[in-house]
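What follows is a set of notes on a single structure, which appears directly below.
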Amino acid sequence: NAGVTQTPKFQVLKTGQSMTLQCAQDMNHEYMSWYRQDPGMGLRLIHYSVGAGITDQGEVPNGYNVSRSTTEDFPLRLLSAAPSQTSVYFCASSYDRRGLSYEQYFGPGTRLTVT
Amino acid sequence: GIQVEQSPPDLILQEGANSTLRCNFSDSVNNLQWFHQNPWGQLINLFYIPSGTKQNGRLSATTVATERYSLLYISSSQTTDSGVYFCAVARPGETSGSRLTFGEGTQLTVNP
């Protein structure tokens, strides 16, 4: 299993540009989430999904959109990039009904810089 | 929302020393995880431990859910243990597997 994969690893955007961060998991997990990590801080939840077609907002959702059309994929869209969105973005997945575990597993992260 | 406090914020050890990291949380949880973020930024799962005690090699963890704290023990520390250790929790509910709240972490430096 590849686990949770994210692309790209690095990205530089200009203010006002839009882009999509990709996330995929092959662990048959039902839940997927996006977090951001700013320097010297813990991770903060942006959006999450408990199944295909179901998404909800986390702690810091402004400026981001998500959709979940399949169990495996959960892309994060930046609508109009701002310097305040410079951060490291982590995707995570969890909840295997067979094992009844809520343990979250994280991807390697995408380092985004907005100039 | 739930508050998560980790202590100490910074810890410097000599190789071979033991240490205890603490995580206090403000409400009932049914998900508690410890992570190690290595110097390359990867988040590595250490323990999934909403209650009880677990051990994995030189690391062990204990969560006392009724008193709202968890402890991570590192014995015979090695330089490769350096990095940031995060505690993350979620309150009971259908979405608790998708909504972790992180503490600010403990920065551990192990010197040779």
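Top line first, the protein sequences correspond to chains G and C. My numbering puts the first sequence at residues 1 to 115. My numbering puts the second sequence at residues 1 to 112. No residue lacks a Cβ here, since even glycine has one placed at the ideal position from N, Cα and C.
Contacts around residue i, its chain only, beta-carbon distance under 6 Å, and the 5 residues preceding and following it disregarded
i        : result
THR62/C  : THR53 and LEU71
THR20/G  : PRO75 and ARG77
GLY104/G : Note that residue 104/G is Gln in the sequence shown here, rather than Gly. Closer than 6 Å at the Cβ level, and outside the excluded window around GLN104/G, lie ALA92 and SER94.
TYR31/G  : VAL50, SER94 and TYR95
Contacting residues, own chain, Cβ-Cβ under 7 Å from residue i (five flanking each side not counted)
i        : result
HIS29/G  : SER93, SER94, TYR95 and ASP96
PRO112/C : GLU15 and THR79
PRO61/G  : ILE46 and HIS47
GLU72/G  : ALA24, GLN25 and ASP26
Rounded separation between residue i and residue j - CA only
i        : j        : result
ASN18/C  : SER75/C  : 4 Å
GLN37/G  : GLY109/G : 10 Å
MET41/G  : VAL88/G  : 11 Å
CYS91/G  : ASP81/C  : 24 Å
GLY41/C  : ARG98/G  : 30 Å
ARG44/G  : GLN57/G  : 12 Å
TRP34/C  : GLY83/C  : 13 Å
THR106/C : ILE12/C  : 10 Å
ASN24/C  : GLU59/G  : 20 Å
THR5/G   : LEU43/C  : 13 Å
9 Å Cβ cut-off: residues of chain G touching residue i
i       : result
GLY57/C : Ordered by position in chain G, no residue passes the 9 Å Cβ test against GLY57/C, which lies about 18 Å from the chain.
TYR73/C : The contacting residues do not exist; TYR73/C stays about 20 Å from chain G at best.
Closer than 9 Å at the beta carbon, the chain C residues around residue i
i       : result
MET41/G : PHE102, GLU104 and GLY105
TYR64/G : Near TYR64/G there are no residues of chain C at all, since even the closest Cβ is about 16 Å away, more than 9 Å.
VAL88/G : GLY41
Within chain C, partners of residue i - CB distance below 7 Å
i        : result
ASP112/G : The question names Asp, but residue 112/G in the sequence shown is Leu. Simply none; closest approach about 13 Å.
SER94/G  : GLY97 and SER98
Neighbour list for residue i in chain C, Cβ cutoff strictly below 8 Å
i        : result
PRO108/G : GLY41 and GLN42
GLY58/G  : ARG99
LEU126/G : Here chain G covers residues 1 to 115 and nothing more, so residue 126/G does not appear.
CB of residue i within 9 Å of CB of residue j, strictly
i        : j       : result
VAL110/C : SER77/C : yes
ARG58/C  : SER26/C : no
LEU21/C  : GLN3/C  : no
SER51/C  : SER33/G : no
ASN56/C  : PHE47/C : yes
THR113/G : THR86/G : yes
GLY51/G  : SER69/G : no
ASN125/C : PHE10/G : One cannot answer for residue 125/C here, as it falls past the ends of chain C, which runs 1 to 112.
Within chain G, partners of residue i - CB distance below 7 Å
i       : result
PHE86/C : GLY42
Own chain partners of residue i with C-beta closer than 8 Å, once the 5 adjacent residues on each side are dropped
i        : result
SER18/G  : ARG77, LEU78, LEU79, SER80 and ALA81
LEU100/C : ASN31, GLN33, ALA88, VAL89 and ALA90
THR115/G : VAL12, LEU13, LYS14, THR15 and PRO83
GLY103/C : VAL4, GLU5, GLN6, CYS23, PHE86, CYS87 and ALA88
Chain G residues whose Cβ lies nearer than 8 Å to that of residue i
i       : result
TYR48/C : SER101, TYR102 and GLU103
Contained beta strand (DSSP E) runs [length at least 3] in the region 75 to 108 of chain C, N- to C-terminal order: 83 to 90
Considering only residues of the region 40 to 79 of chain C, which uninterrupted beta strand (DSSP E) runs meet the minimum length of 3 residues and lie entirely inside it, listed in chain order? The qualifying runs are 43 to 48, 52 to 56, 59 to 64 and 69 to 74.
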